[in-house]
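Its first residue numbered 1, the sequence shown is counted upward by one per residue in the UniProt record's numbering. Where is the CB? At the ideal position from N, CA and C, for every residue including glycine. Following: one structure in structure tokens, then a few remarks.
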Amino acid sequence: MKIIGPDYLVFGVDDVDACTQYMTDYGLKPIDVTDKGGRLEALDGTGVVIRHRDDPSLPRAMETGTMLRETVYGVADEASLQALEQELSKDRTVTRGSDGVLRCQDDMGFALGFQITTRRALDLPSERVNAPGDQPQRPANELGCTNDLPALPRSLSHVVYFVPDFAKAEAFYKRIGFVCTDRFVGVGPFLRPGGTLDHHTLFLIQTPPFMKGIEHFTFHMGGPTEVMTAGYRFVAKGYESFWGPGRHQLGSNWFWYFNSPLGCHVEYDADMDLHDDNWTAREAPLGADASQYFLFEHRPKWAPGGPGPAQQH
Ligand SMILES: [Fe+2]
1 MKIIGPDYLV FGVDDVDACT QYMTDYGLKP IDVTDKGGRL EALDGTGVVI
51 RHRDDPSLPR AMETGTMLRE TVYGVADEAS LQALEQELSK DRTVTRGSDG
101 VLRCQDDMGF ALGFQITTRR ALDLPSERVN APGDQPQRPA NELGCTNDLP
151 ALPRSLSHVV YFVPDFAKAE AFYKRIGFVC TDRFVGVGPF LRPGGTLDHH
201 TLFLIQTPPF MKGIEHFTFH MGGPTEVMTA GYRFVAKGYE SFWGPGRHQL
251 GSNWFWYFNS PLGCHVEYDA DMDLHDDNWT AREAPLGADA SQYFLFEHRP
301 KWAPGGPGPA QQH
């Protein structure tokens, strides 16, 4: 079952205009957005769908306040879809819609979809770094950063769920090929599906049942400079930084989280570790020291200088 990762997330929100503006300012491209919402995409075609919470086309709302209505995964091939259908229909209702999406619910009640991935292959350089001791990654006269650096989200990276029973939730995802790459003890696992090497496309956090829902989602950027640049521009547009910028320990991903009108946090991330089946999962207690190597705080721009030359009399 080669699940690659989430292709798109579907939200039912209170303020459609605020949410589509937010995701546009974040860097996604509106595709078919009207006053009723629509789809916004990253460079590879992964993205989010925003609708009003009363829109009848949405999957039903969870019993909690979460605005997430559906997580639709991209899979590598038809054989993976068929394997998923066979496994999941053992103990739950599975449907295949006219859009080709296989749909069901996980064991926590999250609505899931699976489709042959619609993401486009990207051919873009990652951030290039020069350092003594290594061959130059960026040749002479190629600038490392410019004021017009695009810094656009490239691909939907991961989603994080608050769940009331992480062990039960984890057991479900293991049935469909996810493996635990690392774990916060007593809190939940980082999960990597079978079709990607990314450290995680799903992270589970145990919470009381009333909190069940999405905690955050994020898109991969081209490198740490793009995380800083996009985050800086997002702050300048008036959005509120929640956590970051910094660099996580488990996954090594650079991060910067923001508050959003989607009822969850939205993150920029970059340079996540890759793992294969030779990796042995680590365990760590959840706490500030285990959650990041370092954490910065956004500051307004500044330059050194004095009061200027003394007046001559
Ligand atoms: Fe994250």
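What is the DSSP secondary structure of residue i, counted as helix, strand or coil?
{"i": "lysine 168", "result": "helix"}
{"i": "phenylalanine 210", "result": "helix"}
{"i": "glutamine 135", "result": "coil"}
{"i": "serine 291", "result": "helix"}
{"i": "threonine 20", "result": "helix"}
{"i": "glutamate 41", "result": "strand"}
{"i": "arginine 60", "result": "coil"}
{"i": "lysine 2", "result": "coil"}
{"i": "lysine 301", "result": "coil"}
{"i": "arginine 69", "result": "strand"}
{"i": "arginine 53", "result": "coil"}
{"i": "arginine 96", "result": "strand"}
{"i": "arginine 175", "result": "helix"}
{"i": "aspartate 182", "result": "strand"}
{"i": "aspartate 25", "result": "helix"}
{"i": "glutamate 215", "result": "strand"}
{"i": "glycine 195", "result": "coil"}
{"i": "alanine 151", "result": "coil"}
I'd like the span of the alpha helix (DSSP H) that includes residue i, first residue to last.
{"i": "alanine 79", "result": "78 to 88"}
{"i": "threonine 34", "result": "Unbroken run through threonine 34: none, as it is neither H nor E."}
{"i": "glycine 231", "result": "224 to 236"}
Residue i to residue j, Cα distance in whole Å?
{"i": "alanine 303", "j": "phenylalanine 178", "result": "48 Å"}
{"i": "threonine 181", "j": "valine 94", "result": "28 Å"}
{"i": "phenylalanine 110", "j": "phenylalanine 162", "result": "11 Å"}
{"i": "proline 68", "j": "glycine 305", "result": "Before going further, note that residue 68 is leucine rather than proline in the sequence given. Between leucine 68 and glycine 305, the C-alpha separation is close to 49 Å."}
{"i": "glutamine 292", "j": "leucine 28", "result": "27 Å"}
{"i": "glutamate 78", "j": "valine 235", "result": "42 Å"}
{"i": "leucine 149", "j": "methionine 228", "result": "11 Å"}
{"i": "alanine 167", "j": "valine 187", "result": "9 Å"}
{"i": "aspartate 198", "j": "valine 16", "result": "31 Å"}
{"i": "glycine 194", "j": "tyrosine 173", "result": "11 Å"}
{"i": "glycine 5", "j": "glycine 144", "result": "30 Å"}
{"i": "aspartate 35", "j": "proline 307", "result": "51 Å"}
{"i": "leucine 202", "j": "glycine 251", "result": "12 Å"}
{"i": "arginine 183", "j": "alanine 140", "result": "43 Å"}
{"i": "serine 157", "j": "glutamate 70", "result": "16 Å"}
{"i": "aspartate 106", "j": "alanine 169", "result": "8 Å"}
{"i": "threonine 64", "j": "glycine 133", "result": "54 Å"}
{"i": "histidine 298", "j": "serine 98", "result": "46 Å"}
{"i": "leucine 84", "j": "aspartate 91", "result": "12 Å"}
May I ask which residues mark the beginning and end of the beta strand (DSSP E) holding residue i?
{"i": "phenylalanine 258", "result": "254 to 258"}
{"i": "glycine 263", "result": "Careful: glycine 263 lies outside any beta strand (DSSP E) and carries neither H nor E."}
{"i": "histidine 158", "result": "155 to 163"}
{"i": "serine 241", "result": "241 to 247"}
{"i": "phenylalanine 190", "result": "188 to 192"}
{"i": "glutamate 283", "result": "282 to 284"}
{"i": "cysteine 145", "result": "Unbroken run through cysteine 145: none, as it is neither H nor E."}
{"i": "arginine 103", "result": "102 to 105"}
{"i": "phenylalanine 296", "result": "From DSSP, phenylalanine 296 is part of no beta strand (DSSP E); its letter is neither H nor E."}
{"i": "phenylalanine 110", "result": "First-last for phenylalanine 110: undefined, no H or E at that position."}
Starting from the C-beta of residue i, find all residues in its chain whose C-beta is less than 8 Å away, skip the five residues before and the five after it, and write them out in chain order.
{"i": "phenylalanine 296", "result": "Gly244, Pro245, Gly246"}
{"i": "glutamate 41", "result": "Leu28, Lys29, Ile31, Gly47"}
Please work out which residues of its chain come closer than 6 Å, Cβ to Cβ, to residue i, disregarding the five sequence neighbours upstream and downstream, and give them in chain order.
{"i": "asparagine 253", "result": "Asp269, Met272"}
{"i": "glycine 38", "result": "Asp32"}
Could you pull out every residue in the same chain whose Cβ sits closer than 7 Å to the Cβ of residue i, ignoring the five residues on either side in sequence?
{"i": "leucine 152", "result": "Gly27, Leu43"}
{"i": "proline 136", "result": "Asn130"}
{"i": "arginine 96", "result": "Leu102"}
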